[in-house]
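As you go down the protein sequences, you meet chains W and L in turn. Using this note's numbering, the letters of the first sequence correspond one by one to residues 213 to 491. Using this note's numbering, the letters of the second sequence correspond one by one to residues 97 to 262. We put the beta carbon where it would ideally sit given N, CA and C, even for glycine. Just so you know, these numbers come straight off a predicted model, no measurement behind them. Below is one structure, written out as structure tokens, with a few remarks after it.
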Amino acid sequence: MPLWDKRQNILLLTALVVFHLILISLQIPRGQDKSLFEKSVFFVFSPVQRAAVGAVRGVRSFWLDYFDLRGVRAENRKLKEDHFFLQQENRFLQDRLGLFRSEARIRESLERFRDGLIPARVIGIDSSNPFRSLVLDKGSLDGVKKNMAVCDKFGNLVGRTIDPVSLREAMVQLITDKESSVSVISGTDRLVGSITGLSGSVCELRYVLASTTGGAVGEDLQTTGHDRIYPAGLRVGRIASIQKDPSLPLFRKILVQPHFRFNTLDAVAVLPQVQGGDK
Amino acid sequence: MRETVLKDIFRAVLGTSAAVLLYSLAGSAGPSVLVVLNAFSVVVVTFSVRRGEVFGAFLGTACGLAQDAFSLSVFGLAGLTKTLLGFFTGYVARRIDISPFPRAGAFLLVVSTLELGAWMLLSAVVRQEPVNLHGGLILLQPPVTALLGVALIAAERRILARRRET
């Protein structure tokens with residue numbers, strides 16, 4: 213094969229480029245499920261990521277647990293104080309709830325919720341844009357499925373699980389991703405709309421008509437549960453600005469600052485699928 | 097020839113694992129670190145300089161696809177640009193003298209800038225929307241890649257020189 217011998221390197225490059233072009237063109241238009249090949253690459257390399265993060269955390273916790281114990285006493289005192297106030301708050305909320313529902317039903321629903329909750333740790337952030345996705349250290353063996361809501365340790369909505377979910381790892385689409393959509397309602401003026409990410413640090417509240425009254429900067433937004441993925445009542449974010457949109461005069465342009473912060477995303481909770489969602 | 101290709105593929109997978117490791121460590125430091133430091137590019141340029149264009153292309157494919165697998169962007173975009181990055185880094189590095197570190201740094205800066213430009217252009221065309229520049233932070237990616245690439249190449253040269261001495 214004289215051509216192969218002469219132009220071996222260029223032919224290899226051409227083959228690889230054609231392979232990638234086919235791979236890209238198979239995904240257009242977007243919105244389809246991830247291909248088996250893409251899932252396989254994730255399955256192969258996600259354990260490496262898990263091992264790397266595990267090693268770093270191991271060294272850090274060894275140092276913090278055995279050597280660097282400065283401030284532990286003060287922290288313990290503060291935690292005890294916080295625990296006391298949280299207990300009081302919990303008691304108060306349970307009493308208030310008891311006014312509306314019987315204790316047995318409250319306990320039953322709390323137990324069910326607690327049993328279904330999957331605590332997880334974040335082991336990776338999207339390699340192309342950090343505001344789009346995360347990788348968790350829990351997978352299908354731990355009960356994680358596609359379309360489960362994910363909250364941070366303060367109960368703020370972070371996103372939902374998407375494909376690929378491997379045996380021990382799962383990917384989460386953040387609410388800041390531009391292809392994400394969450395049905396929300398505002399706390400005070402009951403504005404209903406859909407939050408979509410802008411693949412940056414803020415999101416946009418869409419489909420609020422310009423003729424709608426109410427809504428103020430600083431107002432909190434919660435999930436409605438209408439999308440049948442996110443349970444109702446999860447804290448999502450706060451209205452950051454309200455403007456007129458010259459390009460879309462029918463709707464208001466509302467920017468939302470999500471409540472979750474990357475620096476508190478070390479531990480998260482995967483919520484049980486209460487309302488179903490497409491599987 | 098077949099054995100060489102298989103060996104290259106195996107080494108590319110090992111190199112990619114090293115890139116995933118570096119990317120995971122960078123990710124633990126915070127999201128903005130990931131915008132500035134593209135671990136996959138660093139690994140591709142470092143290994144391609146020494147091992148040539150064929151290995152560079154295979155490593156670029158493996159690293160790019162791994163980067164795509166850990167992202168929600170179109171699968172194959174980074175694969176394509178990193179394949180070209182690996183190939184051209186290996187190809188040009190064999191034809192010009194990049195022994196002096198400033199020259200190696202300038203060379204890596206040029207190729208990584210071209211790679212970032214190609215990735216941004218392709219992303220904009222395929223997704224039909226402008227790429228998020230993270231307030232201009234993403235533009236620091238090529239200098240950081242060049243700097244780390246040169247540092248790794250220097251370290252490798254020193255290790256090899258010591259081995260030869262002993």
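Cutoff 7 Å: residue i Cβ touching any chain W Cβ
| i | result |
| --- | --- |
| threonine 157 of chain L | yes |
| serine 167 of chain L | yes |
| alanine 214 of chain L | no |
| serine 263 of chain L | Outside the modelled stretch of chain L, which goes from 97 to 262, sits residue 263 of chain L, for which no answer is possible. |
| alanine 250 of chain L | no |
| glycine 245 of chain L | no |
| phenylalanine 256 of chain L | Reading the sequence as shown, one finds leucine at residue 256 of chain L and not phenylalanine. Output row for leucine 256 of chain L: interface = no. |
| glycine 123 of chain L | yes |
| valine 206 of chain L | no |
| serine 195 of chain L | no |
| leucine 117 of chain L | yes |
| serine 91 of chain L | The requested residue 91 of chain L does not occur in the structure, where chain L is confined to residues 97 to 262. |
| leucine 89 of chain L | With chain L running from 97 to 262 in the structure shown, residue 89 of chain L is simply not present. |
| phenylalanine 183 of chain L | yes |
| leucine 210 of chain L | no |
| leucine 217 of chain L | no |
| leucine 130 of chain L | yes |
Separation of residue j from residue i, as counted between CA atoms
| i | j | result |
| --- | --- | --- |
| leucine 462 of chain W | threonine 226 of chain W | 49 Å |
| arginine 190 of chain L | phenylalanine 203 of chain L | 12 Å |
| arginine 344 of chain W | arginine 223 of chain L | 14 Å |
| arginine 269 of chain W | leucine 379 of chain W | 21 Å |
| valine 207 of chain L | alanine 242 of chain L | 9 Å |
| serine 113 of chain L | glycine 123 of chain L | 15 Å |
| isoleucine 222 of chain W | valine 109 of chain L | 21 Å |
| glycine 156 of chain L | arginine 282 of chain W | 46 Å |
| isoleucine 335 of chain W | glutamine 300 of chain W | 34 Å |
| arginine 372 of chain W | alanine 479 of chain W | 15 Å |
| leucine 240 of chain W | arginine 333 of chain W | A small fix is needed here, since residue 240 of chain W is isoleucine in this sequence, not leucine. Distance between the alpha carbons of isoleucine 240 of chain W and arginine 333 of chain W: 33 Å. |
| asparagine 475 of chain W | isoleucine 249 of chain L | 33 Å |
| aspartate 104 of chain L | alanine 115 of chain L | 16 Å |
| aspartate 217 of chain W | leucine 224 of chain W | 11 Å |
| cysteine 363 of chain W | leucine 298 of chain W | 19 Å |
| lysine 491 of chain W | serine 392 of chain W | Because the pLDDT of lysine 491 of chain W is 36, which lies under 50, any placement of that residue in the model is unreliable, and the question is left without a value. |
| phenylalanine 325 of chain W | cysteine 415 of chain W | 28 Å |
| serine 423 of chain W | serine 406 of chain W | 17 Å |
| proline 443 of chain W | lysine 350 of chain W | 20 Å |
| phenylalanine 197 of chain L | valine 246 of chain L | 7 Å |
| glycine 488 of chain W | phenylalanine 166 of chain L | Bear in mind that the predicted position of glycine 488 of chain W carries a pLDDT of just 45, short of 50, making it unreliable; the figure below should be weighed with that in mind. Cα to Cα, the separation comes out at about 27 Å. |
| glutamate 225 of chain L | glutamate 287 of chain W | 47 Å |
| leucine 180 of chain L | alanine 452 of chain W | 42 Å |
| leucine 238 of chain W | histidine 232 of chain W | 10 Å |
| serine 352 of chain W | lysine 246 of chain W | 17 Å |
Assumed close pair residue i, residue j - CB separation to whole angstroms, cut-off 8 Å
| i | j | result |
| --- | --- | --- |
| proline 376 of chain W | lysine 251 of chain W | 4 Å |
| threonine 388 of chain W | proline 484 of chain W | About 24 Å; that fails the 8 Å criterion. |
| aspartate 457 of chain W | leucine 168 of chain L | Actually they are not in contact, since the Cβ atoms of aspartate 457 of chain W and leucine 168 of chain L sit about 26 Å apart, beyond 8 Å. |
| glycine 182 of chain L | valine 140 of chain L | 5 Å |
| valine 384 of chain W | leucine 346 of chain W | 4 Å |
| proline 127 of chain L | proline 259 of chain W | About 22 Å; that fails the 8 Å criterion. |
| alanine 361 of chain W | isoleucine 236 of chain W | The pair is not a contact, with the Cβ atoms about 31 Å apart (cut-off 8 Å). |
| asparagine 134 of chain L | glycine 412 of chain W | Asparagine 134 of chain L to glycine 412 of chain W, Cβ: 19 Å. No contact. |
| glycine 186 of chain L | glutamate 149 of chain L | 4 Å |
| leucine 236 of chain L | valine 132 of chain L | 5 Å |
Interface flag, residue i vs chain L, CB-CB below 7 Å
| i | result |
| --- | --- |
| isoleucine 441 of chain W | no |
| serine 411 of chain W | yes |
| valine 230 of chain W | no |
| phenylalanine 507 of chain W | Outside the shown range of chain W, which is 213 to 491, sits residue 507 of chain W, and nothing can be said about it. |
| leucine 379 of chain W | no |
| isoleucine 387 of chain W | no |
| leucine 235 of chain W | yes |
| glutamate 287 of chain W | no |
| glycine 489 of chain W | Reliability of the predicted coordinates at glycine 489 of chain W is poor, the pLDDT of 42 falling under 50, and the value obtained from them is presented with this limitation in mind. Output row for glycine 489 of chain W: interface = no. |
| alanine 382 of chain W | no |
| alanine 264 of chain W | yes |
| phenylalanine 254 of chain W | yes |
| asparagine 211 of chain W | The first residue shown for chain W is 213 and the last is 491, placing residue 211 of chain W beyond what the model contains. |
| leucine 225 of chain W | yes |
| asparagine 221 of chain W | yes |
Beta carbon proximity, residue i to chain A, threshold 7 Å
| i | result |
| --- | --- |
| valine 221 of chain L | The chain inventory of the structure shown lacks chain A, comprising the protein chains W and L. |
Could you please tell me which residues of the region 169–181 of chain L, in chain order, have their CB closer than 8 Å to any CB of chain W? So the list reads Ser169, Val170, Phe171, Gly172, Leu173, Ala174, Gly175, Leu176, Thr179, Leu180, given in the order they occur along the chain.
Residues of the region 337–354 of chain W with Cβ closer than 9 Å to any Cβ of chain L, in chain order: Ile337, Asp338, Ser339, Ser340, Asn341, Pro342, Phe343, Arg344, Ser345, Val347
Are the region 433–452 of chain W and the region 352–368 of chain W touching by the rule of at least three beta carbon pairs closer than 8 Å? yes
For the 8 Å Cβ check, are there 3 or more pairs between the region 171–182 of chain L and the region 208–215 of chain L? yes
The region 397–405 of chain W touching the region 422–433 of chain W, judged by at least three CB pairs closer than 8 Å: yes
Within 8 Å of chain L by C-beta, residues of the region 444–456 of chain W in sequence order: none
Scan the region 139–158 of chain L for residues whose Cβ lies nearer than 7 Å to a Cβ of chain W and list them as they occur along the chain. Glu149, Val150, Ala153, Thr157
Give, in chain order, every residue of the region 222–240 of chain L whose Cβ lies closer than 7 Å to some Cβ of chain W. Val222, Asn228
With 9 Å as the limit, tell me which residues of the region 387–409 of chain W have their beta carbon closer than that to any beta carbon of chain L; keep them in chain order. Those would be Asp389, Lys390, Glu391, in chain order.
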